[in-house]
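Visitor: Residue numbers (full-length UniProt numbering), protein chains in the order written: chain S, 1 to 140; chain H, 1 to 412.
Every residue, glycine too, gets a C-beta built ideally from N, C-alpha and C.
Keep in mind it's a predicted model, so treat the numbers as computed, not measured.
Here it is, the structure, as structure tokens.
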Amino acid sequence: MSRNDGKKDSSASTFRKIDVDQYSDNNFREEDADGGIGGPTEALISVLRSAPLGCKNQQVKDNARNLTLKVLLSIKSTQIDDCLGQLDRDLLDVLMKYIYRGFEIPTEGSSSHLLTWHEKVYNISGVGSIVRAFADSKRA
Amino acid sequence: MTEVHNLGVDAISCHAWNKDRKEVAICPNNNEIQVYKRTSSGWKLLQNLQEHDMHVMGIDWAPNTNRIVTCSADKNAYVWTQEGDGKWNPAWVLLRINRAATCVKWSPLGTMLVKPFARSENKFAVGSGGRVIAVCYFVSENNWWQCKHIKRPLRSTVTTVDWHPDNKVLVAGSTDYKVRVFSAFISDMEDAPGNGPWGHSNTLGTLLAEFQNTPNGGGWIHSVVFSPCGNKICWVAHNSSICIADATKGNAVIRLYTEHLPFLNCVWMGSNSIVAVHKHGHSCMPMLYSIDDNGQLYFVSKLDNTQKKEAAGLSAMRKFQSLDRQARTDTNDNALDSIHQNTINCVRKVSNNEFSTSGLDGQLVVWDLKYVNKLIWLFNLAAGEFHCWSEDSIKKRNAAKEQKGGKNTVQN
Chain S
1 MSRNDGKKDS SASTFRKIDV DQYSDNNFRE EDADGGIGGP TEALISVLRS
51 APLGCKNQQV KDNARNLTLK VLLSIKSTQI DDCLGQLDRD LLDVLMKYIY
101 RGFEIPTEGS SSHLLTWHEK VYNISGVGSI VRAFADSKRA
Chain H
1 MTEVHNLGVD AISCHAWNKD RKEVAICPNN NEIQVYKRTS SGWKLLQNLQ
51 EHDMHVMGID WAPNTNRIVT CSADKNAYVW TQEGDGKWNP AWVLLRINRA
101 ATCVKWSPLG TMLVKPFARS ENKFAVGSGG RVIAVCYFVS ENNWWQCKHI
151 KRPLRSTVTT VDWHPDNKVL VAGSTDYKVR VFSAFISDME DAPGNGPWGH
201 SNTLGTLLAE FQNTPNGGGW IHSVVFSPCG NKICWVAHNS SICIADATKG
251 NAVIRLYTEH LPFLNCVWMG SNSIVAVHKH GHSCMPMLYS IDDNGQLYFV
301 SKLDNTQKKE AAGLSAMRKF QSLDRQARTD TNDNALDSIH QNTINCVRKV
351 SNNEFSTSGL DGQLVVWDLK YVNKLIWLFN LAAGEFHCWS EDSIKKRNAA
401 KEQKGGKNTV QN
């Protein structure tokens, strides 16, 4: 969260150095950290809605991926069902893309948790959402 | 309900019926086309048409002129005409393509200026891997079939083509994730362009409409077809979706993302129902989808009610042993719970309520929708029950069940 400290600096020239990508990144983090706006479900919906699938800049995509994975891994297994109940079908497809993306860059314990996510999403939207994760040209 | 025909071949890659359904032309997944005739003692092979060098990709049988057109991966197409003695003779078509021909379709009834073919299938379209659609027609002066090309803005292989009932508009699906509607008006042989809902143009190849499969890309288009009235098109693609675009509603697109494996083919049964067939997996069966009064697509039913075969004398011991070793209860459940045992890759409308499917299991099945329509009617009577069949409600029920399960574990 050290990046947030930089934001308080209001001297006239700093706005020229603002990295837009980081800025949006921070925005997400604020929501996540505040906890006042909503719980993990809201965080998940928010990151999935604003997923930069069509973006050409790989850095932006990676940031979004890291953030989404952070949200996914912070939601406990017991909360997953409640969480998925509030997602519509399009968001479930986006979520499936991030789950597969998460498998590509495993961290400690992440894969088993993502497998739980995968199983629950699969139970709702079937093999269709897996096929869509692979068939779409706009990847997560 | 359903007739299952076995022609004694290992796999059927495509098939086409003649007008009265007494004969069928199939490709046994190689470079040949076999014409069979229905007799009292089964199917009799009439002729083996061997002219192509590579896999036959498409067959279409014109009901009125009784001609067969075939196209193949060897970049050629042939129009076969029947002689007096019943033998089929090929006529080579000048396609001018440099990649495989992937699909072929006769135009529906067209009125021609040239007398001999008045009110008959006078054109056909061939899709190709060379990013081109060849619209072919007969030139009587030269006594051969020649073609004109539609090239722009195709960016990849054309996988499927279909004709508008007015004979002058063509729809094509492609591996560049797009469905396009073109003018297929040929000024050499037709008097006036059609005046349909998709618009009209005096030149061949004018792009009348273009649809992206989904905003996210969404994979190859496997099949696209015009509705019987010609106002709507329906396509299925590799993202397991079924989409319908309506020209009378400003080209609005309805999309349904299903939870199944991708559909490979689709056909309209009436103005509001679509049969889509599966690519592969454990459900090699046709599914029926319909459009409701609000213009939404919904799942009606699977059309294959084959029950799982009961294995005789399955002891509890063997059951648990099998579960332990192979994670399944039945040791010899190699057969699928459906009529087709492998991918269905061709579906054709036979009559108003019948369609036929063929697949890699070598079977040719004719399905009758009459009983399904009765079922739908019954379900409509019991309106509350009816909604149980829509995919969403099934999912909601499953989700509710899971939630209950989840809560239980918390309490424990």
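Who are Leu364 (chain H)'s beta bridge partners in DSSP?
Guide: H:His5, H:Ser358
Visitor: Output yes if chain S places a C-beta closer than 7 Å to the C-beta of Leu46 (chain H); else output no.
Guide: no
Visitor: Assign Ile75 (chain S) to one of three DSSP states: helix, strand, or coil.
Guide: coil
Visitor: Roughly how many angstroms separate the alpha carbons of Gly173 (chain H) and Ser315 (chain H), rounded to a whole number?
Guide: 52 Å
Visitor: Please determine if the segment 66 to 82 of chain H and the segment 92 to 106 of chain H are in contact, where contact requires at least 3 C-beta pairs separated by less than 8 Å.
Guide: yes
Visitor: State the DSSP-derived secondary structure class of Lys370 (chain H), mapped to helix, strand or coil.
Guide: helix
Visitor: Are any of the Cβ atoms in chain B nearer than 7 Å to that of Lys70 (chain S)?
Guide: No chain B appears in the structure shown, which is made up of the protein chains S and H.
Visitor: For the alpha helix (DSSP H) that Asn123 (chain S) lies in, which residues bound it at each end?
Guide: Its alpha helix (DSSP H) spans residues 110 to 135.
Visitor: Determine the extent of the beta strand (DSSP E) in which Gln34 (chain H) is found, giving its start and end residues.
Guide: 32 to 39
Visitor: Can you find a CB in chain S that lies within less than 7 Å of the CB of Glu210 (chain H)?
Guide: no
Visitor: Between the segment 250 to 273 of chain H and chain S, which residues of the former have CB atoms less than 7 Å from a CB of the latter, in chain order?
Guide: If the cut-off is 7 Å between Cβ atoms, the segment 250 to 273 of chain H has Tyr257, Thr258, Glu259, His260, Leu261, Pro262 near chain S.
Visitor: Excluding the five sequence neighbours on either side, which residues of its own chain have a C-beta within less than 6 Å of the C-beta of His52 (chain H), listed in chain order?
Guide: Asn31, Ser72, Asp74
Visitor: Is the beta carbon of Leu53 (chain S) closer than 7 Å to that of Leu91 (chain S)?
Guide: 7 Å or more divides the Cβ of Leu91 (chain S) from the Cβ of Leu53 (chain S).
Visitor: Could you pull out every residue in the same chain whose Cβ sits closer than 6 Å to the Cβ of Val139 (chain H), ignoring the five residues on either side in sequence?
Guide: Closer than 6 Å at the Cβ level, and outside the excluded window around Val139 (chain H), lie Gln146.
Visitor: Per DSSP, what are the beta-bridge partners of Ile45 (chain S) in this structure?
Guide: Answer by DSSP bridge pairing: none, since Ile45 (chain S) is not bridged.
Visitor: Within a Cβ cutoff of 8 Å, which residues of the same chain sit near Cys14 (chain H), ignoring the five residues on either side of it in sequence?
Guide: Within the same chain, Cβ atoms closer than 8 Å to the Cβ of Cys14 (chain H) are found at Ile26, Cys27, Val56, Met57, Gly58, Ile59, Asn345, Cys346, Ser358, the five residues on either side in sequence being excluded.
Visitor: Going along the chain, which residues of the segment 171 to 199 of chain H sit with their C-beta nearer than 9 Å to a C-beta in chain S?
Guide: Tyr177
Visitor: Comparing alpha-carbon positions, which option in H:Pro262, H:His149, H:Leu49, H:Lys249 lies nearest Met287 (chain H)?
Guide: H:Pro262
Visitor: So, with DSSP's three-state summary, where would you put Arg348 (chain H)?
Guide: strand
Visitor: Might you give, ordered along the chain, the residues of its own chain that have their beta carbon closer than 7 Å to the beta carbon of Gln82 (chain H), omitting 5 neighbours on each side?
Guide: Asn66, Trp88
Visitor: Would you identify the three-state DSSP class for Cys284 (chain H), choosing helix, strand or coil?
Guide: coil
Visitor: Establish whether the CB of Asp136 (chain S) and some CB of chain H are separated by less than 7 Å.
Guide: yes
Visitor: Could you compute how far the alpha carbon of Lys70 (chain S) sits from the alpha carbon of Gly102 (chain S)?
Guide: 10 Å
Visitor: Of all the CB atoms in chain H, is at least one closer than 7 Å to the CB of Arg49 (chain S)?
Guide: no
Visitor: According to the neighbour-count rule (16 or more other Cβ atoms, all chains shown, within 10 Å of its Cβ), is Phe320 (chain H) buried or exposed?
Guide: exposed
Visitor: In the DSSP assignment, find the beta strand (DSSP E) that holds Cys83 (chain S) and state where it starts and stops.
Guide: In the DSSP annotation of this structure, Cys83 (chain S) is not part of any beta strand (DSSP E); the continuous alpha helix (DSSP H) holding it starts and ends at 80 to 85.
Visitor: Name the chain S residues that come within less than 9 Å of Gly219 (chain H), Cβ to Cβ?
Guide: Val131, Arg132, Phe134, Ala135, Asp136, Ser137
Visitor: Taking C-alpha atoms, which residue in H:Glu23, H:Ala209, H:Met1, H:Met189 lies nearest to Gly196 (chain H)?
Guide: H:Ala209
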